[in-house]
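Asks: Residue numbers (UniProt numbering): 1 to 345. Right, I'll just put the structure down here and ask away after.
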């Protein structure tokens with residue numbers, strides 16, 4: 001007589017979240033957002049901002065509610081008013097237009113973007129052809145190219161390298177937008193160097209530390225993830241790149257969301273491990289909302305995957321520091337956004 005053992009129930013895998021670190025606000029974004037906040041506190045509303053101060057819907061909406069007015073060009077700002085330049089930087093032509101309208105400007109350009117501007121000016125003075133790796137139409141690219149329009153040509157991707165024509169193949173240098181995919185940028189550089197063996201590198205890496213750190217963190221967690229959720233806005237280049245990096249690094253699926261309400265239930269079907277990260281212009285509160293949403297769907301275990309620790313901070317814009325000093329308030333640096341403890345399983 002044989003005895004058949006009862007079937008063993010299928011093993012249930014624990015649902016978990018792998019939370020990337022670093023993520024969210026970088027030093028340049030923190031500085032720019034605080035600059036608008038302090039300007040509103042010190043001078044009162046309205047304070048005008050050219051373009052979005054940073055590429056995040058939540059941040060822009062919050063500042064608009066407090067009295068910031070976002071405009072596309074300086075001619076939309078009443079003469080003599082106060083105008084903040086966004087973290088992405090502006091061209092000399094925009095600065096000249098602001099002067100012509102007697103605008104009281106606060107320059108919140110990220111110092112790392114300013115570094116690339118200075119590189120463009122320097123290489124143009126030496127009569128180099130400057131190949132700017134970046135996305136045509138992005139505000140940062142427009143500002144950088146505007147520093148030396150007769151010398152700069154934009155290269156959007158590796159596939160555009162074949163179309164690049166220069167005056168002297170021995171006097172060519174590349175620079176880049178700060179928020180690109182590191183891997184794609186290096187592939188573009190590789191192809192450019194095949195075409196122009198004398199291609200010079202910029203004095204230092206143009207892709208900012210925060211962009212690189214967030215991509216490295218995503219590469220670390222993506223191979224273990226059925227799904228990677230990137231919190232960030234559609235016009236945020238570094239957020240969009242994080243989705244691409246996650247997929248290339250082995251995530252089964254990856255999506256970008258502005259906020260938790262954009263997460264679709266079907267994305268979570270059959271998923272046991274979700275990776276979460278956020279772009280460099282995203283406040284931590286939006287990530288916390290996503291984690292709470294995932295916890296409601298059974299993803300209560302959160303493990304942080306840290307690949308770097310960031311402690312870089314930038315001083316507030318010079319013009320704003322002077323105004324704060326006159327008002328008896330002189331913070332030397334913006335605050336670092338506080339983070340709450342991770343939710344417990």
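Note that the Cβ used here is the ideal one computed from N, Cα and C, for glycine as well.
1. Tell me which same chain residues have a C-beta within less than 7 Å of the C-beta of residue 207, skipping the five on either side of it?
2. Around the C-beta of residue 136, are 16 or more other C-beta atoms found within 10 angstroms, so that it is buried, or is it exposed?
3. Name the two residues that bound the continuous beta strand (DSSP E) containing residue 82.
4. How far does the alpha helix (DSSP H) with residue 114 in it reach, from first residue to last?
5. If you count every other CB in all the chains shown that lies within 10 Å of the CB of residue 71, and 16 or more means buried, which is it?
6. Quick one: what does DSSP say residue 339 is sitting in, helix, strand or coil?
7. Please report the Cβ distance between residue 131 and residue 144, rounded to the nearest whole angstrom; I am assuming they are in contact, meaning their Cβ atoms lie under 8 Å.
8. I want to know whether the region 79-89 touches the region 46-63 - three or more CB-CB distances under 8 Å.
9. If you run the structure through DSSP and keep just helix, strand and coil, what is residue 136?
10. So, for residue 289: in the same chain, excluding its five sequence neighbours on each side, which residues have a beta-carbon less than 6 Å away from its beta-carbon?
11. Look at residue 38 and residue 324 and say whether their C-beta atoms are less than 8 Å apart.
12. Which residue's Cα is closest to the Cα of residue 117: 128, 300, 141 and 20?
13. Tell me the DSSP bridge mates of residue 66?
14. Less than 8 Å between the CB atoms is what I'm expecting for residue 250 and residue 278, so what's the real figure, rounded?
15. Between residue 346 and the rest of its own chain, which residues show a CB-CB distance below 6 Å, the 5 nearest in sequence each way excluded?
16. What does DSSP give as the partner residue(s) for residue 304 in the beta ladder?
17. How far does the beta strand (DSSP E) with residue 255 in it extend, from its first residue to its last?
Replies: The relevant details are as follows:
1. Here residue 207 refers to the residue found at position 207 of the chain shown. Around residue 207: 176, 178, 180, 182 and 185.
2. To locate residue 136, count along the chain shown from 1; it is residue 136. By the 10 Å Cβ count, residue 136 comes out exposed.
3. Position 82 of the chain shown, counted from the first residue, corresponds to residue 82. Segment 82-85, the beta strand (DSSP E) holding residue 82.
4. The residue you call residue 114 lines up with position 114 of the chain shown. Taken as a continuous stretch (DSSP letters only), the alpha helix (DSSP H) holding residue 114 covers 111-125.
5. Along the chain shown, one-based indexing puts residue 71 at 71. Looking at its Cβ environment, which holds fewer than 16 other Cβ atoms inside 10 Å, residue 71 is exposed.
6. Locating residue 339 in the chain shown gives position 339, counting from the first residue. Bear in mind that a pLDDT of 39 at residue 339, under 50, signals an unreliable position, so the number given afterwards is only what the model happens to contain. It is coil, neither helix nor strand.
7. If you number the chain shown from 1, residue 131 lands on position 131. If you number the chain shown from 1, residue 144 lands on position 144. The pair is not a contact, with the Cβ atoms about 12 Å apart (cut-off 8 Å).
8. yes
9. Position 136 of the chain shown, counted from the first residue, corresponds to residue 136. In this structure, residue 136 counts as coil in the three-state DSSP scheme.
10. As a position in the chain shown, residue 289 is number 289, starting the count at 1. Only 260 meet the Cβ criterion.
11. Translated into positions along the chain shown, residue 38 becomes position 38. Translated into positions along the chain shown, residue 324 becomes position 324. For residue 38 and residue 324, yes; Cβs fall inside 8 Å.
12. Position 117 of the chain shown holds residue 117. Cα-wise, what sits closest to residue 117 is 141.
13. Walking along the chain shown from the start, residue 66 turns up at place 66. DSSP output for residue 66 lists no bridge partner at all.
14. Position 250 of the chain shown, counted from the start, is the residue given in the question as residue 250. Position 278 of the chain shown, counted from the start, is the residue given in the question as residue 278. About 20 Å separates the two Cβ atoms, so there is no contact after all.
15. The chain is shown from 1 up to 345; residue 346 falls before or after that span and cannot be answered.
16. By 1-based counting over the chain shown, the position of residue 304 is 304. Residue 304 pairs with 19.
17. The sequence position of residue 255 within the chain shown is 255, counting from 1. Its beta strand (DSSP E) spans residues 254-257.
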